[in-house]
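Single-structure report; data block below.
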Amino acid sequence: MAVVTATAVLSPLTPSDPNAIHLEDQLALMTIKHILGADFHGRDVFSRLVHGARVTMVVATVTVMVAAVIGTLTGAIAGYVGRKVDAIIMRTMDIILSFPAIVLAMALTAALGPSLQNSMISITVVTIPAIARVARGQTLVVKEMDYVQAARAIGVDDASIIFRHIIPNCLGPITVQATLYMAVSILTTASLGFLGLGAQPPTPEWGADLAEGMRYMREAPWVAAFPGLAIFTAALGFNLLGDGLADIMNPRLRE
Amino acid sequence: MQGMAAFAIKRLLLLPPVLLGVSIISFMLLHITPGDPVLVMLGESAAPGQVEALREELGLNAPLPVQYARYLTRIIQGDLGRSIWTRSPVLSEILLRLPATIELTLASMLIAIPIGFHLGVFSATNRNASVDHAVRLFSLSGVSVPVFWSGLMLQLVFAMYLGWLPVSGRVDSWAEPSRVTGFYILDSLLTGNSASSVSCIRHIVLPAVAQSLMTLALVSRMTRSSMLEVLWEDYIRTARAKGLSEQVVVYKHALRNALIPTITVIGIHFAWMLGGSVLVEVVFSWPGIGRLMFESITKRDYPVVQGNLLVYAAIFLLSSLVVDLLYAYIDPRIRHYKR
């Protein structure tokens, strides 16, 4: 169930139509000539959805990847070195986590100036603590394991230990978290876009398009409905994937 | 309860550095803006006199550490500055709208928790039946739905097409209750204004439902998995062997232990919802701190943004503390731990 649906949803990765987004300036909103209708500017909703998919996937992937790298490193270092370094790092994470994610992302993006790049930065910042926590947790467990103790006894330097032993062992749970956070990132990007803080027009972005469609809800609800459906499907796909991964990881760990 | 007190104190001690960090982030918000923040706030065409005046007022001419020191002293005293737009104190603007958000969050929790809970229990007790799968799919969907979309769809169907419920706002303008607590529903009940109560309740339904979805989904999932874990434990088998009815087994024994992680999740979600209300408030024009955040960001009213951020963090930290203490209270291991 999990994997099948996930792969079906991951197909938005293909930016098939290199369609011009600015189609003939026909007035708003029809249905059949444009498969999913057109928006107020006459742009084809379907093409915007597809191109928006590319934007969304890029944002989600980049933010989560960067957050994962930074988070894993920080968490592993915190867990391994312990004491003061650990305290400082985790307090910083706590500080970031004291704000509701969307609110902080909003504020950061607004301060830096609303744009796609800035929203990506904000989302990355907000995602780092969660991953760091997972990494740290795993590190604490792995740290005590025999082969790590052995390596230290032989005199292998700490950096090598972290990179060759600890981090590979963190990857499992982190992959699960990262996948789930892809879904979160998609939703947050869309939310920021919806609020006008993400991609700026005319860049197609699901959230921003939805906000625009909001104005014509009565006459043409499909302009808002479809981007939302897209967001939902993408997020659902990653959630399913993440769940599936989590299930796979568990029994294996118990072996 | 010695362990509990120690735990509480330890927990409280963690607060000051976090609060400090929070204040730093809030402070820095103004300063990470590329370009001149004052120009951003007033607009490019502002008169130089105005610009200078604002700069003086915000103390931006002093060196950074001095600015921060002043900032910190002010917020400790509760002075969050003045809104650039309305010139009224930020704190009062926030406090004016806070009850609206709390009311919305409470309503959402009221919907999410009982329904989510029963769905979870139902799902756990009928494991792998088609209903179980349905509930699980629903849960996953609930977590994946963008809140503003569900809000919009609800608006579309129930307000615009069916006309059963109002589209937006907190209350019809003619039905606004006299302000006693700021919680409209409570106020209208206290003053005996039934027309107002009805109006308020009608207005809160859609936004509360929209906001409850994610928590509902999560609660049902958590309940389901905790119950599943517990249902196969030894003491449950003992209870069954004793001949107790399935009903008793489930409700008396399994539930109590399954509750613990669920309660933590609920607590976290209350805090989270307070922040996540931004989107719902924007869609439904609900006059809470979420919408304030959005509006002040749009208007570049930095003092309000900063103050709002601080308040959010404060609320979040406070609720986390309460949740932790509650959790410690419920979990006997922490309670009876003695050094």
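Just so you know, the sequences run in chain order S and A.
Terminal number for the first sequence in the working numbering: 257, no gaps in between.
Terminal number for the second sequence in the working numbering: 399, no gaps in between.
All C-beta atoms in this analysis are idealised placements derived from N, C-alpha and C, irrespective of residue type, glycine included.
In this structure, DSSP gives arginine 157/A a helical state, which the three-state scheme calls helix. With a threshold of 16 other beta carbon atoms within 10 Å, lysine 145/S meets it and is buried. In this structure, the beta-carbon distance from glutamate 207/S to valine 57/S falls below 7 Å. For proline 149/A, the three-state secondary structure derived from DSSP is strand. About 7 Å separates the beta carbons of isoleucine 188/S and phenylalanine 240/S, which is inside the 8 Å limit, making them a contact pair. Interface criterion not met: the Cβ of alanine 194/A is under 7 Å from no Cβ in chain S. With a threshold of 16 other beta carbon atoms within 10 Å, isoleucine 104/S meets it and is buried.
Taking all protein chains in view, the Cβ of histidine 178/A is surrounded by fewer than 16 other Cβ atoms within 10 Å, so the residue is classified as exposed. The DSSP-derived three-state label of arginine 142/A is strand. For the stretch 226-238 of chain S, the set of positions with a beta-carbon nearer than 9 Å to some beta-carbon of chain A reads Ala226, Ala227, Pro229, Gly230, Leu231, Ile233, Phe234, Thr235, Ala236, Ala237, Leu238 in chain order. For alanine 152/S, the nearest beta carbon of chain A is not closer than 7 Å to its own beta carbon.
In the displayed model, proline 175/S falls within a helix according to three-state DSSP. Under the three-state reduction of DSSP, glycine 180/A is assigned to helix. Between the stretch 135-149 of chain A and the stretch 164-176 of chain A, the count of Cβ pairs shorter than 8 Å is below three; the stretches do not touch.
Contact note: tyrosine 372/A reaches chain S through Phe101, Pro102, Val105, using a C-beta cutoff of 8 Å and chain order.
Per DSSP, glutamine 119/S is one residue of the alpha helix (DSSP H) stretching across 118-145. Between serine 272/A and serine 199/A, the C-beta gap is not smaller than 7 Å, which leaves the two residues out of contact. Counting the other CB atoms within 10 Å of its CB gives arginine 135/S a total of 16 or more, which places it among the buried residues. Judged by DSSP in its simplified three-state form, tyrosine 218/S adopts coil rather than helix or strand.
In the three-state reduction of the DSSP assignment, phenylalanine 243/A falls in the coil class, being assigned neither a helical nor a strand state. Within the same chain, and ignoring the five residues on either side of methionine 169/A in sequence, the residues whose Cβ sits closer than 8 Å to its Cβ are Ser272, Thr275, Ile326, His329, Phe330, Met333. Proximity of tryptophan 224/A to chain S, defined by a Cβ-Cβ separation below 7 Å, is not satisfied. By the CB criterion at 7 Å, proline 267/A and alanine 192/S fall outside the cutoff. Buried is the label assigned to leucine 212/S, since at least 16 other Cβ atoms lie within 10 Å of its Cβ. The beta carbon of valine 203/A sits closer than 7 Å to the beta carbons of Met274, Ala277, Leu278 from its chain, once the five residues preceding and following it are set aside; these are given in chain order. Residue contact check for glycine 327/A against chain S: no CB pair falls below 7 Å. DSSP places valine 343/A within a helical segment (H, G or I) once states are collapsed to three. Among the residues facing chain S, valine 338/A is included, as its CB has a counterpart in that chain under 7 Å away. The beta carbon of valine 195/A sits closer than 6 Å to those of Leu179, Ser183, all from its chain and outside the five residues before and after it, given in chain order. Below the 7 Å Cβ cutoff, chain S contributes no neighbours of proline 347/A, its closest Cβ being approximately 17 Å away. Against chain S, the CB of valine 181/A has no partner CB under 7 Å away; the residue lies outside that interface. From the listed residues Tyr131/A, Ser337/A, Ile245/A, the smallest Cα separation to serine 86/A is found for Tyr131/A.
In summary, methionine 67/S is exposed, with fewer than 16 beta-carbon neighbours lying within 10 Å of its beta-carbon over all protein chains present. Contact annotation: in the stretch 191-209 of chain S, residues whose CB is within less than 9 Å of a CB in chain A are Ala192, Ser193, Phe196, Leu197, Gly198, Leu199, Trp208, Gly209.
Sixteen is the threshold: when 16 or more other Cβ atoms of the shown chains lie within 10 Å of the Cβ of asparagine 120/S, as they do, the residue is buried. The beta carbon of leucine 156/A is closer than 8 Å to those of Gly242 in its chain, skipping five residues each way along the sequence.
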